[in-house]
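Undergrad: Going line by line, the protein sequences match chains Y and G.
Each residue of the first sequence is one higher than the one before, counting from 874 in my numbering.
Each residue of the second sequence is one higher than the one before, counting from 2 in my numbering.
From the three backbone atoms N, C-alpha and C, an ideal C-beta is built for every residue, glycine too.
Before I ask anything, let me first share the structure, which is written out below as structure tokens.
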Amino acid sequence: MKNIIKGFYRTLKERNLIYKLFAFYVVVYTIFYLMLKTAFKPLDYMAHIGENIKNFDYSYLILLLKKHPDIGILSFSLFISFFIIYFFYSQYILKWFTENMGGKQISLKNYRKILLTWLYFIPVFAVYLMVIIKIYLKSRALIVVSPIASSLLYYLFIIVSVLLFVYIFSVFDTARITSIYKDKNSLKAFFGGFGFAANKYLNFLLIYVFFGIGSFLLLFVYRMIVKLLGNQLWVAPIILVLFHLLFFFFHLFIKFSLFASEFSLIESKEVMANGTEEKHNREYFNRQNS
Amino acid sequence: MKIIHLTKMKISRIIIINKKGGEMKKIIVLAFSVVVLISSLHTYEKIVDYQFKVRLFPEKRTVEGKEHIRWKNTSNKEISELRFHMYLNAFKNEDTVFMKEALINLKPKPYFNKKIETGWEKIKAIKVNGEKPLNIYYIQPDYENMEDKTVLAVKLPFTVKPQEEIEIIMDFESKLPKLIARTGYTGKFYLIAQWFPKLGVLSEDGEWNCHQFHRNSEFFADFGDFKAELTVPPEYIIASAGVKVNQWDNPNGTKTFVYKSEKVHDFVWSAYPFYKIKTRKIIKSDPPIDTEIKLYTYSDDSWAVKRYLDIVEWGLEFFSKRYGKYPYPVITVIDPPPGAERAGGMEYPTFITGGRYSDFLSKYLFNSIEMVTFHEFGHQYWYGMVATNEFENPWMDEGLNTFSEIEGLTERFGVHHSLSNIGDFHLGDYDSAVISINRNGYLDEINKYSWKFFNSSSYSFNSYHRTAMTLFTLKNVFGEKLFWKGMREYFQRYKFTHPKPDDFINTMQEIMGEEAGEFLRKTLLENRYIDYKLAELRSVKKRKPSGTFGDTFVKPDLKKKDKTFYYNRVAIVNNGNLSIPVDIEVKFENGSSKILRWDGESKWKRYEFTSKSKILSATIDPNRKISLERNILDNSLKLKATNSLSGYFAANYSFMLNILLSVFPL
Chain Y
874 MKNIIKGFYR TLKERNLIYK LFAFYVVVYT IFYLMLKTAF KPLDYMAHIG
924 ENIKNFDYSY LILLLKKHPD IGILSFSLFI SFFIIYFFYS QYILKWFTEN
974 MGGKQISLKN YRKILLTWLY FIPVFAVYLM VIIKIYLKSR ALIVVSPIAS
1024 SLLYYLFIIV SVLLFVYIFS VFDTARITSI YKDKNSLKAF FGGFGFAANK
1074 YLNFLLIYVF FGIGSFLLLF VYRMIVKLLG NQLWVAPIIL VLFHLLFFFF
1124 HLFIKFSLFA SEFSLIESKE VMANGTEEKH NREYFNRQNS
Chain G
2 MKIIHLTKMK ISRIIIINKK GGEMKKIIVL AFSVVVLISS LHTYEKIVDY
52 QFKVRLFPEK RTVEGKEHIR WKNTSNKEIS ELRFHMYLNA FKNEDTVFMK
102 EALINLKPKP YFNKKIETGW EKIKAIKVNG EKPLNIYYIQ PDYENMEDKT
152 VLAVKLPFTV KPQEEIEIIM DFESKLPKLI ARTGYTGKFY LIAQWFPKLG
202 VLSEDGEWNC HQFHRNSEFF ADFGDFKAEL TVPPEYIIAS AGVKVNQWDN
252 PNGTKTFVYK SEKVHDFVWS AYPFYKIKTR KIIKSDPPID TEIKLYTYSD
302 DSWAVKRYLD IVEWGLEFFS KRYGKYPYPV ITVIDPPPGA ERAGGMEYPT
352 FITGGRYSDF LSKYLFNSIE MVTFHEFGHQ YWYGMVATNE FENPWMDEGL
402 NTFSEIEGLT ERFGVHHSLS NIGDFHLGDY DSAVISINRN GYLDEINKYS
452 WKFFNSSSYS FNSYHRTAMT LFTLKNVFGE KLFWKGMREY FQRYKFTHPK
502 PDDFINTMQE IMGEEAGEFL RKTLLENRYI DYKLAELRSV KKRKPSGTFG
552 DTFVKPDLKK KDKTFYYNRV AIVNNGNLSI PVDIEVKFEN GSSKILRWDG
602 ESKWKRYEFT SKSKILSATI DPNRKISLER NILDNSLKLK ATNSLSGYFA
652 ANYSFMLNIL LSVFPL
């Protein structure tokens, strides 16, 4: 926790970086927003579909999507493209961050490998999902034979699967960050990072909990404002943009803090000044992996 | 017991006719009157009486025992053959009509993997009036498919005269299938439906109406009384149609329960060791209700129990108020446990199965308990009491019931909120019907045999939502008060009988007028649809006209515009093949509005008029009376986009997406 607070402090000091990131984010978001707005534009020319969002007739929106599947395809391709942009953008942020904080330089050619590390994760996650859905359905269906066995299996399954999910996700995340930081063969680093990640996952868990609570809090405030807006839809996009920025800031802040706290960047900056960066890194990871 | 309904209108018609005639004419008119009188008698007549003594064998997944039937020939012909539905034989193998229509053969995965999973029924011994039949054989009246053994013909050694009663006694064995089509077993759960040899319906002219079991069809049988002695192992709890009248423990450790159900046309029961029983007795005077709701659920979840009981209570209130009293002392509701979802969403007389499907789904996302349970309860009226032929006219029960379901849920939860409320998003049952009706494929007419539709989607679209929207249009366009009067009259006149499409249309026509009847004939019996489109909307400032006036050419002068008048054009196109008078509401910038009325008779109509204010928008059918409209997206236009809905949704979804993407760490 002490490290996380230190990380917060270091992050706050990097104002230039945050301004740049904000500018980039606004551009990406605006493009995405405008493209979606164009897709939904036919709604603005329809009369009699509800004066405000409270009495808006959603059948029009659903029919619009049903009759114009191109809108759905467009939205999906936007989602995918935004996901890719977001991914590379995340890696750039990490690069900027490590450079600004005086950490290890990460070469751009590494991003392809980084993307691959995510691809390792996807099939594992898919299999995991299939297994838990299967167990969930089996545990529920067991009720037709024995309700007690069904309840036992169900609750046991819920507890184990949640813990397992958090563990797997945290370990993967930690391993990924480790692999990026080490700047070597990403696959090797990725799997090499597991030992370290397994030791550190509780710290990550703490941050995820914090991040999750914060996200829900923001979502709640956002919902409240939308509810209060009611009749003035035109205000919603403005409020939402502000929330996007706030949410983004929050997201960045947590991630940077996590990164800074986990990799003792303050120390590495000091070490770099002494010109023994490589040695330090080697020692640091050896220590963490031991 | 006979209940006679005679409409006032028909009595007065007879009296008027009689006053007009001379002596001979009087005789003719009297004869005609008698014909009219006879044809207008709609009676409940107990045709059949079933008694069962059966036992459930869980280890074999069978029900075995005796069936005792008393049956009356109500046709005007002598008959020498009986026909029985043997529904469970539909699940004997993958080559039956039912399984083939369900496209089982086209799926790589076999449906039946073990012998125990198949279903069948057989008569082990049968005597009619104490005599053995001449012959017993399976027939295929709809499709020649020798593997289909769902209709059994029994050749009698004698003929049965009109109004004569016979007694049939048989030993039978029914092997229950792995849960399919709302019948069978899974684990220790049993839904025992369509489980006994059931007589078909004999028409007045002595023809049997006894179709094979089809994938999209349900059932059709005669009214009567049922008494069942059901024996089960001691750990089992029975949920059954009808009322429990007795129970006892047997020396061999089993238990026997006796249930009776009167004035019904089917009998179904369920057995499961872990049922929890929740009851609520409803007694009200306005509308009159005196019924006990018995819920058989698998969990003590108070939220689910309350929602089940509340919605059935609302069903009793709504249907009693709109159509007439629910006449039975009990309604049994099954909440199928997880793993037995295939038993959900089905109706039998005094017995329905609900649709929780998943706790998460029904608790947070979708009012599935309310929608499914209310729908199935509605079938007590449209199928249970007004027992139309579900094989031949599926819209008569499903369509009328879907209409009633939407009305009832809308009245209780609101038009846009009855199905789902998640954050801003809300959807009503009516909205789901609008979405369903707004489609391209209108390949079949509504009134069609259930297995003759292009596909299952066409069957359900026509039988459920298209019929419901036809009735909504009828109600909105031809008058709500008369509509409800007509529906009530139809129910009262035909309850406990088997009405046909003409009976419904004629009743509504009688109450609502010729035009309403004509509308129903076109929409129900022919493949007609309504599709209006607002094709043009213009509003420009009036300017001084240019051109040669007399000998003088007047130059165009765009600067000299009359600021007080606008030229307007509104054009509407009829893309459908049915016309119905429609209003077009034109709204102006100064807040005023104008209604244009079109009879819809031509292919298109253009209105040109001037106004003091510029047009803001135009909307076809502003009060959404024409629920049958096939494409509502082109029914309105704004001259300028004034709303910011696109901005709202774009911002909203971007925000949600951001949250979703945030799970991928930096």
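1) What does residue 996 of chain Y reach in chain G if we use C-beta pairs closer than 7 Å?
2) Determine the closest residue to residue 526 of chain G out of G/225, G/394, G/421, G/638, with distance taken between C-alpha atoms.
3) Enumerate, from N- to C-terminal direction, the unbroken beta strand (DSSP E) stretches of 3 or more residues contained entirely within the stretch 198-241 of chain G.
4) Could you tell me which residues DSSP puts in a beta bridge with residue 56 of chain G?
5) Which whole-angstrom value is the C-beta distance of residue 214 of chain G and residue 51 of chain G, which I expect to be below 8 Å?
6) What are the boundary residues of the alpha helix (DSSP H) that residue 510 of chain G is part of?
7) Quick check on this structure: which residue in G/612, G/554, G/532 has the alpha carbon closest to the alpha carbon of residue 578 of chain G?
8) Taking the alpha carbon of residue 1015 of chain Y as the point to measure from, which residue in G/338, G/100, G/250, G/89 has its own alpha carbon closest?
9) Report the three-state DSSP secondary structure of residue 86 of chain G (helix, strand or coil).
10) Determine the DSSP secondary structure at residue 474 of chain G, reduced to helix, strand or coil.
11) Three-state secondary structure (DSSP) at residue 593 of chain G?
12) I need the boundaries of the alpha helix (DSSP H) containing residue 272 of chain G, first residue and last residue.
13) In chain Y, which residues lie less than 9 Å from residue 417 of chain G when you measure between Cβ atoms?
14) Can you tell me the Cβ-Cβ gap for residue 588 of chain G and residue 617 of chain G, rounded? I've got them flagged as a contact below 8 Å.
15) By the DSSP assignment, the beta strand (DSSP E) with residue 172 of chain G in it spans what residues?
16) When the cut-off is 8 Å and only beta carbons count, does residue 943 of chain Y lie next to chain G?
17) Cutting at 8 Å between CB atoms, please list the residues of its own chain near residue 647 of chain G, excluding the five before and the five after it.
18) What is the DSSP secondary structure of residue 493 of chain G, reduced to helix, strand or coil?
19) Assuming residue 462 of chain G is part of the alpha helix (DSSP H), what are its boundary residues?
20) Mind checking residue 189 of chain G: buried by the 16 CB within 10 Å criterion, or exposed?
21) At least one CB of chain Y closer than 8 Å to the CB of residue 364 of chain G: is that the case?
22) Which residues in the same chain have their Cβ closer than 6 Å to the Cβ of residue 463 of chain G, if we skip the five residues on either side of it in sequence?
23) Note down the Cα distance separating residue 201 of chain G from residue 152 of chain G, rounded to an integer number of angstroms.
24) If we count the other Cβ atoms within 10 Å of its Cβ and call it buried at 16 or more, is residue 541 of chain G buried or exposed?
25) Give the residues of chain G in contact with residue 935 of chain Y, contact being defined as C-beta atoms less than 7 Å apart.
26) Buried or exposed for residue 705 of chain G, please, with buried defined as at least 16 other CB atoms from any protein chain shown within 10 angstroms of its CB.
27) Nearest to residue 303 of chain G by alpha carbon, out of G/282, G/655, G/277, G/84?
28) Note down the Cα distance separating residue 1142 of chain Y from residue 897 of chain Y, rounded to an integer number of angstroms.
29) Given a cut-off of 8 Å on the beta-carbon distance, is the pair residue 909 of chain Y and residue 642 of chain G in contact?
30) Which bits of chain Y does residue 633 of chain G rub up against, with CB to CB less than 8 Å?
31) How would you list, in chain order, the residues of chain G whose beta-carbon sits under 8 Å from the beta-carbon of residue 916 of chain Y?
32) State yes or no: is the beta carbon of residue 1007 of chain Y nearer than 8 Å to at least one beta carbon in chain G?
33) Can you give, in chain order, each stretch of the beta strand (DSSP E) that sits fully within the stretch 326-376 of chain G and has at least 3 residues?
34) List, in chain order, every chain Y residue whose beta-carbon is nearer than 9 Å to that of residue 639 of chain G.
35) Using a C-beta to C-beta distance shorter than 8 Å, which residues of chain Y count as neighbours of residue 623 of chain G?
36) Residue 579 of chain G by DSSP, collapsed to three states: which one?
TA: With the given structure in hand:
1) Here residue 996 of chain Y is taken as the residue at index 123 of the first sequence, counted from 1. The premise fails here: residue 996 of chain Y is roughly 16 Å from chain G at the closest Cβ pair, so nothing lies under 7 Å.
2) If you number the second sequence from 1, residue 526 of chain G lands on position 525. The shortest C-alpha separation from residue 526 of chain G is found at G/394.
3) 225-233, 238-241
4) One-based indexing of the second sequence puts residue 56 of chain G at position 55. According to DSSP, which records beta bridges pairwise, residue 56 of chain G is partnered with G/65, G/232.
5) Counting from 1 along the second sequence, the entry for residue 214 of chain G is found at position 213. Counting from 1 along the second sequence, the entry for residue 51 of chain G is found at position 50. With 8 Å as the limit, residue 214 of chain G and residue 51 of chain G do not qualify as a contact, their Cβ atoms being about 19 Å apart.
6) As a working note, residue 510 of chain G is residue 509 in the second sequence. Counting along the chain, the alpha helix (DSSP H) containing residue 510 of chain G begins and ends at 502-513.
7) In the second sequence, the residue the question calls residue 578 of chain G occupies position 577. Closest by alpha carbon: G/532.
8) Your numbering for residue 1015 of chain Y matches position 142 in the first sequence. Nearest C-alpha to residue 1015 of chain Y: G/338.
9) The residue given as residue 86 of chain G occupies position 85 in the second sequence. The answer is strand: DSSP assigns residue 86 of chain G an E or B state.
10) Mapped onto the second sequence, residue 474 of chain G falls at position 473. In the structure shown, residue 474 of chain G sits in a helix (DSSP, three-state: H, G or I).
11) For the purposes of this step, residue 593 of chain G is taken as residue 592 along the second sequence, with counting starting at 1. Residue state, collapsed to three classes: coil.
12) On the second sequence, position 271 is the one that residue 272 of chain G refers to. Taken as a continuous stretch (DSSP letters only), residue 272 of chain G belongs to no alpha helix (DSSP H), being part of the beta strand (DSSP E) at 270-273.
13) Here the question's residue 417 of chain G lines up with position 416 in the second sequence. Those within 9 Å of residue 417 of chain G in chain Y are 923, 928, 929, 930, 931, 932.
14) Your numbering for residue 588 of chain G matches position 587 in the second sequence. Your numbering for residue 617 of chain G matches position 616 in the second sequence. The Cβ separation is near 5 Å, so the contact holds.
15) Position 171 of the second sequence, counting from 1, holds the residue named residue 172 of chain G. 166-176 is the span of the beta strand (DSSP E), which, as asked, contains residue 172 of chain G.
16) On the first sequence, residue 943 of chain Y is found 70 positions in, with the first residue counted as 1. With 8 Å as the cut-off, residue 943 of chain Y does not count as an interface residue toward chain G.
17) Numbered from its first residue, the second sequence carries residue 647 of chain G at position 646. So the list is empty, once near-sequence residues are dropped.
18) In the second sequence, residue 493 of chain G corresponds to position 492, counting from 1. In this structure, residue 493 of chain G counts as helix in the three-state DSSP scheme.
19) For the purposes of this step, residue 462 of chain G is taken as the residue at position 461 of the second sequence. Neither: residue 462 of chain G is in no alpha helix (DSSP H) and is coded neither H nor E.
20) Along the second sequence, one-based indexing puts residue 189 of chain G at 188. The residue in question, residue 189 of chain G, is buried, as its Cβ has 16 or more Cβ neighbours within 10 Å.
21) On the second sequence, residue 364 of chain G is found 363 positions in, with the first residue counted as 1. With 8 Å as the cut-off, residue 364 of chain G does not count as an interface residue toward chain Y.
22) Position 462 of the second sequence holds residue 463 of chain G. The answer, listed in chain order, is 445, 447.
23) Numbered from 1 along the second sequence, position 200 holds the residue referred to as residue 201 of chain G. Numbered from 1 along the second sequence, position 151 holds the residue referred to as residue 152 of chain G. Looking at the two C-alpha atoms, the distance is approximately 9 Å.
24) The residue labelled residue 541 of chain G in the question sits at position 540 within the second sequence. It counts as exposed.
25) The residue given as residue 935 of chain Y occupies position 62 in the first sequence. Ordered by position in chain G, the residues that pass the 7 Å Cβ test against residue 935 of chain Y are 436.
26) No statement about residue 705 of chain G is possible, as the shown extent of chain G runs from 2 to 667 and does not include it.
27) As a first step, residue 303 of chain G is located in the second sequence; it is residue number 302 there, counting from the start. Per the Cα distances, G/277.
28) As a first step, residue 1142 of chain Y is located in the first sequence; it is residue number 269 there, counting from the start. As a first step, residue 897 of chain Y is located in the first sequence; it is residue number 24 there, counting from the start. Residue placement at residue 1142 of chain Y is poorly supported in this model, since its pLDDT is 44, which falls under 50; the coordinates still yield a value, given next. Cα to Cα, the separation comes out at about 27 Å.
29) Translated into the one-based positions of the first sequence, residue 909 of chain Y becomes position 36. Translated into the one-based positions of the second sequence, residue 642 of chain G becomes position 641. The answer is no: Cβ separation not under 8 Å.
30) By one-based count along the second sequence, residue 633 of chain G stands at place 632. Within 8 Å Cβ-Cβ: 932, 933, 936.
31) Walking along the first sequence from the start, residue 916 of chain Y turns up at place 43. Here the neighbours are 644, 646, 647, 650.
32) Here residue 1007 of chain Y refers to the residue found at position 134 of the first sequence. No, its Cβ sits nowhere closer than 8 Å to a Cβ of chain G.
33) 331-335, 347-349, 352-354
34) As a working note, residue 639 of chain G is residue 638 in the second sequence. The contacting residues are 917, 918, 919, 920.
35) As a working note, residue 623 of chain G is residue 622 in the second sequence. By Cβ distance, chain Y contributes 921.
36) Numbered from its first residue, the second sequence carries residue 579 of chain G at position 578. Coil.
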